Amino acid sequence: MKSVARITRDVVAVVREIKGSCAAGIKVGDVLYFSGANLVKEKSDEICAYALTNIMPVVFSCRLGVDFDKLGIGGRLWQCVDPGPPYTPGGTVFFEIMPAEEFEKEKLKENC
1404 MKSVARITRD VVAVVREIKG SCAAGIKVGD VLYFSGANLV KEKSDEICAY ALTNIMPVVF
1464 SCRLGVDFDK LGIGGRLWQC VDPGPPYTPG GTVFFEIMPA EEFEKEKLKE NC
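By the numbering used here, the letter at position 8 of the sequence shown is numbered 1411, and the numbering carries on one by one without gaps.
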């Protein structure tokens, strides 16, 4: 019997773009930090439950070290479910899903 994959790393979802205006108050640069099965509130900014429904499958794949290309999804940018104008008054939020180690390296480069 094959063993179940071991959860290997923390994952970050970074807001890269917003088309329109997010009804939940999320802003470009906001972060959602996942450790194990938990969303770490102390390391996260605004949280939108609707956005979580779309990004969670990718977050869990990233935690397990799955190559997005091999899944046939080919990218790390995922959006929330709000289509934005002209369909709703809100806006579409685009999240980049990445291992937390990559995010920390990115932050270090920005601070240099």
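Yeah, the Cβ is synthetic: ideal placement off N, Cα and C, and Gly gets one too. As the structure is a prediction and not an experimental result, all values here were calculated from the model.
Under the three-state reduction of DSSP output, residue 1458 falls in the helix class. Ranked by Cα distance from residue 1447, the first of 1430, 1463, 1456 is 1430. DSSP lists 1417, 1480 as the beta-bridge partner residues of residue 1499. In this structure, residue 1426 places its C-beta atom within 8 Å of the C-beta atom of residue 1493.
Here the alpha carbon of residue 1468 sits roughly 10 Å from the alpha carbon of residue 1462.
Put simply, the backbone Cα of residue 1504 is about 19 Å away from that of residue 1459.
The residues 1427, 1483, 1484, 1485, in chain order, have a CB closer than 8 Å to that of residue 1453 in the same chain once the five nearest residues on each side in sequence are set aside. With respect to the 8 Å criterion, residue 1501 and residue 1418 are not classified as neighbours on the basis of their beta carbons.
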